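Residue numbers (our numbering): 7 to 245.
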């Protein structure tokens, strides 16, 4: 990288190396640096969120002359991620709240290039507190599908998170039998990943144990092993 490029991306590097005083100085001198993108189209706010650095994030979000508004939805990197996606993947509830106070209000259902929403990302990492914030307070869409056809419930079932599964079903108005691109339901995914307890919970919440995927397989037929299959089928008799 040339000296010219180093100067161009000095604020990004200052964030990555945790130099809040320098970041404050640079932004004060040139507020428009807040919107400067690096070679991956990431802004300083992307990097501050990636580093999970609350102090620097707060510096970047301070009101200042020359900046009328911070439109988070316009801060999209080469992968389609906004700072909202990053904090959701990291589970940083405090910074999510700060970002959602901005004007214009960020679109909580904005998708990445892979069709993933903040809810998909938070669910995949089992960040219950942040998922709860997204569902209950920000009323995000719980039915959104990514490019594989996965809903947040598919992901919660795969990782075996009973609290998130219950939250999505009871408060998210999800279709519990929604299918992905291969015709797999959340129940298929739970059993394929060996999440027997979640599979039983799904059935108790209304999942269809006889539903078939695109290969005409029921959930029990894709169970990870005979032990999980036996547990599931035996437990069905007690529901």
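The beta carbon of each residue, even a glycine, is placed where N, CA and C say it ideally should be.
Keep in mind the model is a prediction, meaning the values are calculated, not measured.
Reducing DSSP to helix, strand and coil, say where residue i ends up.
i: residue 93; result: helix
i: residue 123; result: coil
i: residue 75; result: coil
i: residue 53; result: helix
i: residue 106; result: helix
i: residue 206; result: helix
i: residue 25; result: coil
i: residue 13; result: helix
i: residue 240; result: helix
i: residue 8; result: Confidence in residue 8 is poor, its pLDDT being 43 and thus under 50, which makes the residue's placement too unreliable to answer from.
At the level of alpha carbons, what is the spacing between residue i and residue j?
i: residue 235; j: residue 117; result: 35 Å
i: residue 173; j: residue 28; result: 42 Å
i: residue 231; j: residue 108; result: 49 Å
i: residue 112; j: residue 171; result: 25 Å
i: residue 226; j: residue 169; result: 22 Å
i: residue 247; j: residue 238; result: Here the chain comprises residues numbered 7 to 245, so residue 247 is not present and cannot be evaluated.
i: residue 39; j: residue 199; result: 45 Å
i: residue 115; j: residue 145; result: 9 Å
i: residue 185; j: residue 222; result: 13 Å
On the criterion of 16 or more Cβ atoms from any shown chain inside 10 Å, does residue i qualify as buried, or is it exposed?
i: residue 153; result: exposed
i: residue 96; result: buried
i: residue 102; result: buried
(request) Within the segment 171-237, note down every full alpha helix (DSSP H) run reaching 4 residues or more, in order along the chain. (result) Counting only runs of 4 or more, we get 192-198, 202-210.
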